[in-house]
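Engineer: Dropping a structure here in structure tokens format, bear with me for questions.
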Amino acid sequence: MLRKNMKLIKHNKINKYRIKIKNVKIHKHSKKNFKKQKSIFKKIILILIFLFSYYYFMEYNLKQILIEVDISRANFHGHGPIQLQKAISKVLPYETRHCKFIPANGIYITNLPKKINYFYLSYPQISEKDFNESLINNMAKNLLLGPSFAPSNMKKFPNHRLWPERRFREVLESIKAFVVHSIRIRDFMASKSNNNDLINKFIILRPCTYVMPKDIKPFNERNIDIILFEKYADSYHGNQGVQLFNLLKSTNKTIQIIRYGYFRKNHLLSLANNSKFVIYFSFYDTGAIALKEIQNYGVITFSHQKEFVISNDTSYYIPELEDSDITMAFKKIMNIINDIISRNNPDSKEIAFINQNINKCERSLDDICDGIRKQ
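Mapped onto my numbering, the consecutive letters of the sequence shown carry residue numbers 6 to 380.
Shown next as structure tokens:
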């Protein structure tokens, strides 16, 4: 019996030893598998890093469009087109995923650097001789021109005494794009080119301003109810303006008329911060910089141009202003005004914040970038 027990103990010890050896082997094997898996994981990470780096290089470098922007008149005093150039100059250089905008103190279209893809001249002073040379050198296709290149006068366009208007269709066909501020101007000028296919040669750039005020007067502390902003190229719309003004005067509201070309900027901004609403009654636009400055003070807008309607909370589209139904336009505007006031006094600071976010020049440059990429 004792011998039998001794054998059993010995057998158990051997089995324990075998199990121990087996466990050691399993541990070593799992350790090897772990190292192998770790190595595979490292390789996957390296591949992902490589792919990400390659994607970044391709997207942000090789495909990025380089655009040189003329700011040679940014320090001048003057009307809308110069104010636009001044405003854009304050955000340059500006870079997005797809485009990079670089400032240039003058662009000579007969000697364009090869490394730049396109050249934007918002206020181009190009001679016919230089344009002809750019055609010969195959450089015109790199140009973005406008909004002040043409027309000189909407009513008289095309003026055949001015070479850009006399040769407008040829210019439009030759350059990369013509920059305008509104759909209305685009459609008008495209119709004058007698070729509907050329409508794709236009880029619509929203007007922008560097006026970004912080000191916004509360709505209920403003003394002027409505600004009527007028800009005409003909007597017909001028007569409509008189009709609209008389209708507004018949109300108990305080009305202030502002006529294009007859105000100083400081006075305009002072009026804006003291006004609740603005009716933008303009039919002759290469831009709407003054409207953007007014909007940025938290003034609620009424316009017959859809592109100047920023959001449902800050601006309203009134097509009747352009449809010659001034009485209907007046009634519609007054109903909206009375409804806004009856609900609650609007938050002028919030309205200014929304408007300023949309009217900043970075968004205008985004419009150019998107326009180039869509062509």
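Note that the Cβ used here is the ideal one computed from N, Cα and C, for glycine as well.
What are the boundary residues of the beta strand (DSSP E) that includes residue 109?
Structural biologist: Residue numbering aside, residue 109 sits at position 104 when the sequence shown is read from its first letter. Note, residue 109: beta strand (DSSP E), 104-109.
Engineer: Report all residues from its chain with a CB closer than 7 angstroms to the CB of residue 378; omit the five preceding and five following residues, and keep chain order.
Structural biologist: Taking the first residue of the sequence shown as 1, we reach residue 378 at position 373. Excluding positions up to five away in sequence, the list reads 103.
Engineer: Roughly how far, in whole angstroms, is the beta-carbon of residue 153 from the beta-carbon of residue 128, given that I think they are within contact range, below 8 angstroms?
Structural biologist: Indexing the sequence shown from 1 puts residue 153 at position 148. Indexing the sequence shown from 1 puts residue 128 at position 123. Right, the Cβ-Cβ distance comes to about 5 angstroms (below 8 angstroms), so this counts as a contact.
Engineer: Identify the continuous alpha helix (DSSP H) that holds residue 269 and give its terminal residues.
Structural biologist: For this step, residue 269 is matched to residue 264 along the sequence shown. Where residue 269 is concerned, there is no enclosing alpha helix (DSSP H), given that its DSSP letter is neither H nor E.
Engineer: Quick check for students: name the residue ranges of the alpha helix (DSSP H) that lie wholly in the region 109-151, counting only runs of 4 or more.
Structural biologist: 133-141
Engineer: Comparing the CB of residue 245 with every heavy atom of the ligand NAD, is any distance shorter than 7 angstroms?
Structural biologist: Although the ligand NAD was asked about, the structure shown includes no ligands whatsoever.
Engineer: Is it buried or exposed for residue 335, if we count other Cβ within 10 angstroms and need 16 for buried?
Structural biologist: Position 330 of the sequence shown, counting from 1, holds the residue named residue 335. Under this definition residue 335 is a buried residue.
Engineer: Is residue 114 closer than 8 angstroms to residue 139 when the C-beta atoms are compared?
Structural biologist: One-based indexing of the sequence shown puts residue 139 at position 134. One-based indexing of the sequence shown puts residue 114 at position 109. Residue 114 is positioned such that its CB atom lies closer than 8 angstroms to that of residue 139.
Engineer: Hey, how far is the Cα of residue 192 from the Cα of residue 53?
Structural biologist: Your numbering for residue 192 matches position 187 in the sequence shown. Your numbering for residue 53 matches position 48 in the sequence shown. Near 48 angstroms, if we compare the C-alpha coordinates of residue 53 and residue 192.
Engineer: For residue 186, count neighbouring C-beta atoms within 10 Å of its own C-beta (all shown protein chains included) and say buried if the count is 16 or more, exposed if not.
Structural biologist: Residue numbering aside, residue 186 sits at position 181 when the sequence shown is read from its first letter. Its Cβ being crowded by 16 or more others within 10 Å, residue 186 is buried.
Engineer: Quick check: the Cα distance between residue 285 and residue 359, rounded to an integer number of angstroms?
Structural biologist: Indexing the sequence shown from 1 puts residue 285 at position 280. Indexing the sequence shown from 1 puts residue 359 at position 354. Taking the straight line joining both Cα atoms gives about 18 angstroms.
Engineer: Output needed for residue 75: all residues of its chain with C-beta closer than 6 angstroms, excluding positions within five of it in sequence on either side, in chain order.
Structural biologist: Locating residue 75 in the sequence shown gives position 70, counting from the first residue. For residue 75, where only same-chain residues beyond five positions count, the Cβ hits under 6 angstroms are 109, 112 and 126.
Engineer: Thinking residue 149 and residue 177 are a contact (beta carbons under 8 angstroms), I'd like their distance in whole angstroms, please.
Structural biologist: Taking the first residue of the sequence shown as position 1, residue 149 is located at position 144. Taking the first residue of the sequence shown as position 1, residue 177 is located at position 172. Incorrect: roughly 12 angstroms between the Cβ atoms, too far for contact.
Engineer: Which of the three DSSP states, helix, strand or coil, is assigned to residue 93?
Structural biologist: For the purposes of this step, residue 93 is taken as the residue at position 88 of the sequence shown. Helix at residue 93.
Engineer: What are the boundary residues of the alpha helix (DSSP H) that residue 370 is part of?
Structural biologist: For the purposes of this step, residue 370 is identified with residue 365 of the sequence shown, where counting begins at 1. Element bounds for residue 370: 366-379.
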